[in-house]
Amino acid sequence: MFAIIRRDLLIAARRKSEVLTALFFFVIVTSLFPLGIGPEPTLLKKIAPGVLWVAALLATMLGLQRMFAPDHADGTLEQMALAPTPFGLLVAGKVVAHWLVSGLPLVLLAPVLGIQFDLDAGALGILVVALMLGTPLLSLIGAIGAALTLGVRGGGVLLSLLVLPLYVPALIFGAGAVEAHISGLGAGGHLSLLAALLALAVFFAPWATTAALRIALE
Amino acid sequence: MNNKIINWFKFASPQSFYPLAGRMIPWFWALTAIFTVAGLWISFFVAPTDAQQGEGYRIIFIHVPASWMSMFIYLVMAFWAGLGLALNTRLSGMMAQALAPTGALMAFLSLWTGAFWGKPMWGTWWVWDARLTSELILFFLYIGFIALQAAIDDPRRADKAGAILALVGAVNIPIIYFSVKWWNTLHQGSSVNLAKSSMAQTMLWGMLLMALAFWMYAIAVALTRARAIILERERHTEWIKEVVR
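Protein chains in written order, with my numbering: chain A, 20 to 237; chain B, 783 to 1027.
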């Protein structure tokens, strides 16, 4: 599993442009909102959690297709399925690598963008914690979609159609945590629910992904 | 000689299911017609005018059954999908595929009639209420399922991939429902309060009859569609050539 993570990270490091594209996409999308809505600080502060979260959803979507497609194309995926190591474990490794490449940078970048939206230090902290819990969830759910659409006509658009409705709970609790903190309700409940969803997904998602991949490899 | 025990798996084969479905379809259409006529008659002529909502409330006789069916069909679809994955039967996948468009139609109908109902009652076509939003997401899930099946050329692979998606969706529906519910209540007090006064007996009957009518319609249409799918997928076999001749 760690070998898979190391390998995927190495591949990502050799192709920096793909990783950076998603990252800059995140930055640009969030910067477009103030331009479209107007620079009023109170309004921006109100929409900031939602905007940052939606942009994060879309940015993680960009990398999803590459999670399995290149390995499927050159046959590596089949070798993984035949390997003595459980396939689910290897798939989990690929999901972790995807999160490290396209989720973690978003978490680290989000506070900087949050400052643009006039969020205070406490709200920024909650935002980072919420994204820290939420982005692995996005990678896990997205992996199911990526596996289902592997080698399918029009896979990219289809992938977003399949995955985005399933992202709704993560979006609600993630953006809700920051919002609850801003309005003084405390973010604990939202963060706990997000963590609960993550625990569920860690257990079930690699399993479903593996089943979907086996179908694609048949 | 155990003829008393029905061999259920007999009808898991498309060849024996095809004529069975053909025999069942007219019956379900007849039931649909009976329940529709009875339901519509009660809902238009027998059920009293609502004290608060006037005549406009009568759209619930379409709206509520459509919403029920949209959720129920998803469960049935997920059931067939799971069965197909577990037992590797061809027919299960065909049934799931046959049910999806009807389910999507019901979800759409529910949203549409809901908007027509909301405009005179709440003064707005759409509110981000928990039920409306989860129905909308259910509609998206149906569309995703149909799109995934349409995009995969190999029917067996399409069935299996669709089955996994349907099961993932079925697990997610309660999560989505509750998250949307809490999202709405945490944001603001529910702006819409469905003042459910105890419903008149006749209204309830009208609604139940219409629900039955929708149910029978869904079965009839799904069976018809399943027959069409069988014809399309088994077209290379001998028995289809016999049937079509």
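Quick reminder that beta carbons are idealized off the backbone N, C-alpha and C, glycines included.
Given the structure is predicted, the values throughout are model-derived calculations rather than measurements.
Applying a beta-carbon distance threshold of less than 7 Å, which residues of chain A neighbour residue i?
{"i": "B:V912", "result": "Before going further, note that residue 912 of chain B is Ala rather than Val in the sequence given. Neighbours of B:A912 on chain A: none; closest Cβ ~11 Å, over 7 Å."}
{"i": "B:W965", "result": "I191, G195"}
{"i": "B:I958", "result": "V187, P188"}
{"i": "B:I919", "result": "P184, V187"}
Out of the options, which one is the CA nearest neighbour of residue i?
{"i": "A:V46", "options": "A:L62, A:M151, A:I134", "result": "A:I134"}
{"i": "B:A812", "options": "B:E837, B:A880, B:V1003, B:L1013", "result": "B:V1003"}
{"i": "A:V182", "options": "A:L167, A:G173, A:G195, A:F192", "result": "A:L167"}
{"i": "B:E837", "options": "B:I844, B:M998, B:P847, B:F826", "result": "B:F826"}
{"i": "A:P184", "options": "B:A945, B:L918, B:F843, B:A912", "result": "B:L918"}
{"i": "A:G170", "options": "A:L76, A:P103, A:F43, A:A235", "result": "A:A235"}
{"i": "A:L74", "options": "A:F21, A:D137, A:L190, A:L101", "result": "Contrary to the premise, residue 74 of chain A reads as Ala rather than Leu in this sequence. Nearest option by C-alpha distance: A:L190."}
{"i": "B:S795", "options": "B:G821, B:F810, B:L873, B:W862", "result": "B:L873"}
{"i": "A:P225", "options": "A:A78, A:F192, A:I160, A:G208", "result": "A:I160"}
{"i": "A:F44", "options": "A:G57, A:A102, A:L81", "result": "A:L81"}
{"i": "B:A1000", "options": "B:G926, B:E1020, B:V858, B:I842", "result": "B:V858"}
{"i": "A:V176", "options": "B:I925, B:A995, B:T895, B:Q983", "result": "B:I925"}
{"i": "B:L986", "options": "B:G896, B:A868, B:L1013, B:G821", "result": "B:G821"}
{"i": "B:M806", "options": "B:V962, B:M998, B:A882", "result": "B:M998"}
{"i": "A:A230", "options": "B:M992, B:L867, B:P808", "result": "B:L867"}
{"i": "B:T1006", "options": "B:V828, B:A948, B:A803", "result": "B:A803"}
{"i": "A:F223", "options": "A:G107, A:V197, A:A31", "result": "A:G107"}
{"i": "A:S179", "options": "A:L29, A:L83, A:S121", "result": "A:L83"}
{"i": "A:P89", "options": "A:G164, A:D27, A:T228", "result": "A:D27"}
{"i": "A:F105", "options": "A:R33, A:E237, A:F192, A:I23", "result": "A quick correction: the sequence has Pro, not Phe, at residue 105 of chain A. Ranking the options by Cα distance to A:P105, first place goes to A:I23."}
{"i": "A:G112", "options": "A:F87, A:L125, A:F52, A:V70", "result": "A:F87"}
{"i": "B:A993", "options": "B:M851, B:F793, B:V828, B:W823", "result": "B:M851"}
{"i": "B:V962", "options": "B:R913, B:W1021, B:D935, B:E1016", "result": "B:R913"}
{"i": "B:F793", "options": "B:P830, B:T871, B:Y959", "result": "B:T871"}
{"i": "A:L217", "options": "A:V110, A:V120, A:G193", "result": "A:G193"}
{"i": "B:I928", "options": "B:A886, B:W910, B:L891", "result": "B:A886"}
Taking residue i as the query, report the chain B residues whose CB atoms sit under 8 Å from its CB, ordered along the chain.
{"i": "A:I234", "result": "R939, K942, A943, I946"}
{"i": "A:A231", "result": "A943, I946"}
Against residue i, what residues of chain A qualify as contacts under a CB-to-CB distance less than 8 Å, listed in chain order?
{"i": "B:F922", "result": "L180, L183, P184"}
{"i": "B:V950", "result": "I163, L185, A227"}
{"i": "B:I925", "result": "L180"}
{"i": "B:I955", "result": "Near B:I955 there are no residues of chain A at all, since even the closest Cβ is about 10 Å away, more than 8 Å."}
{"i": "B:A812", "result": "Under the 8 Å cutoff, chain A gives no residues; its nearest Cβ is about 37 Å from B:A812."}
Using a cut-off of 9 Å between C-beta atoms, extract the partners of residue i located in chain A.
{"i": "B:A860", "result": "Near B:A860 there are no residues of chain A at all, since even the closest Cβ is about 13 Å away, more than 9 Å."}
{"i": "B:V962", "result": "V187, P188, I191"}
{"i": "B:L857", "result": "Correct list: empty, because the minimum Cβ distance to chain A is about 17 Å."}
{"i": "B:A803", "result": "Simply none; closest approach about 27 Å."}
Less than 7 Å separating the Cβ of residue i from some heavy atom of the ligand HEM?
{"i": "A:G164", "result": "You won't find the ligand HEM in this model; it holds no ligand whatsoever."}
Residues of chain B with CB under 9 Å from residue i, in chain order?
{"i": "A:L77", "result": "Going along chain B, no residue has its Cβ under 9 Å from A:L77, so there is no contact; the nearest lies around 16 Å."}
{"i": "A:E9", "result": "Residue numbering for chain A in the displayed model covers 20 to 237; residue 9 of chain A lies beyond these limits and cannot be assessed."}
Taking Cβ-Cβ distances shorter than 7 Å, what residues in chain B pair up with residue i?
{"i": "A:E17", "result": "The structure shown does not extend to residue 17 of chain A, since chain A spans only 20 to 237, so no value can be given for it."}
{"i": "A:G177", "result": "One detail in the question is off: residue 177 of chain A reads as Leu in this sequence, not Gly. Within 7 Å Cβ-Cβ: A929, L930, A933."}
When the cut-off is 8 Å and only beta carbons count, does residue i lie next to chain D?
{"i": "A:L213", "result": "No chain D appears in the structure shown, which is made up of the protein chains A and B."}
| request: Return the residues of the stretch 184-196 of chain A that lie within a Cβ-Cβ distance of less than 8 Å from chain B, sorted by chain order. | output: So the list reads P184, L185, V187, P188, I191, F192, G195, given in the order they occur along the chain.
| Cβ-based contacts, 8 Å cut-off: residues of the stretch 144-174 of chain A near chain B | The residues in question are I163, L167, T168, V171, R172, G173, G174.
| query | So does the stretch 139-150 of chain A actually touch the stretch 34-50 of chain A, counting three or more Cβ pairs closer than 8 Å? | reply | No: fewer than three Cβ pairs fall under 8 Å.
| field | Selection of the stretch 863-897 of chain B by Cβ proximity to chain A, strictly under 9 Å | value | The stretch 863-897 of chain B vs chain A, Cβ under 9 Å: L867.
| said: Within 8 Å, do at least three Cβ pairs link the stretch 916-931 of chain B to the stretch 939-959 of chain B? | reply: Look at the beta carbons and you see the stretch 939-959 of chain B touching the stretch 916-931 of chain B: at least three pairs across the two are nearer than 8 Å.
| Where in the stretch 790-847 of chain B do unbroken runs of the alpha helix (DSSP H), each at least 4 residues long, occur, reported from the N-terminal end onward? | 796-823, all fully within the stretch 790-847 of chain B.
| task | Within the stretch 150-233 of chain A, note down every full alpha helix (DSSP H) run reaching 4 residues or more, in order along the chain. | result | DSSP runs (the alpha helix (DSSP H)) wholly in the stretch 150-233 of chain A: 174-185, 187-201.
| task | Output the residue ranges of the alpha helix (DSSP H) runs that lie fully inside the stretch 874-908 of chain B and measure 4 residues or longer, sorted by chain position. | result | Listed in chain order, there is nothing to give.
| field | Segment contact flag, the stretch 87-103 of chain A with the stretch 58-75 of chain A, C-beta cutoff 8 Å, min 3 pairs | value | Fewer than three beta-carbon pairs drawn from the stretch 87-103 of chain A and the stretch 58-75 of chain A are found closer than 8 Å, and the two stretches are therefore not classed as touching.
| Can you give, in chain order, each stretch of the alpha helix (DSSP H) that sits fully within the stretch 984-1008 of chain B and has at least 4 residues? | DSSP runs (the alpha helix (DSSP H)) wholly in the stretch 984-1008 of chain B: none.
| message | Can you confirm whether the stretch 147-156 of chain A touches the stretch 200-213 of chain A when touching is taken to mean that 3 or more C-beta pairs between the two stretches lie within less than 8 Å? | response | The stretch 200-213 of chain A is in contact with the stretch 147-156 of chain A.
| So, do the stretch 152-163 of chain A and the stretch 200-207 of chain A have three or more beta carbon pairs nearer to each other than 8 Å? | Per the Cβ contact rule, the stretch 152-163 of chain A is not in contact with the stretch 200-207 of chain A (fewer than 3 Cβ pairs under 8 Å).
| message | Ignoring anything shorter than 4 residues, give me the alpha helix (DSSP H) runs that lie fully in the stretch 69-101 of chain A, in order along the chain. | response | Runs found: 95-101.
| Can at least three beta-carbon pairs, one atom from the stretch 933-950 of chain B and one from the stretch 857-869 of chain B, be found at a separation below 8 Å? | Enough Cβ pairs lie closer than 8 Å, so yes.
| field | alpha helix (DSSP H) runs wholly inside the stretch 117-147 of chain A, at least 4 long, in chain order | value | When DSSP assignments are scanned along the stretch 117-147 of chain A, the uninterrupted stretches of alpha helix (DSSP H) that are 4 or more residues long and fall wholly within it turn out to be 123-135.
| said: Three Cβ pairs or more, each shorter than 8 Å: is that satisfied between the stretch 877-886 of chain B and the stretch 839-859 of chain B? | reply: The stretch 877-886 of chain B, when compared against the stretch 839-859 of chain B, does touch it at the 8 Å Cβ threshold.
| request: Could you please tell me which residues of the stretch 46-79 of chain A, in chain order, have their CB closer than 9 Å to any CB of chain B? | output: Residues of the stretch 46-79 of chain A with a C-beta less than 9 Å from any C-beta of chain B: none at all.
| Does the pairing of the stretch 890-898 of chain B with the stretch 927-940 of chain B give three or more beta-carbon distances under 8 Å? | As far as the Cβ criterion goes, the stretch 890-898 of chain B does not touch the stretch 927-940 of chain B, which means the pair count is below three.
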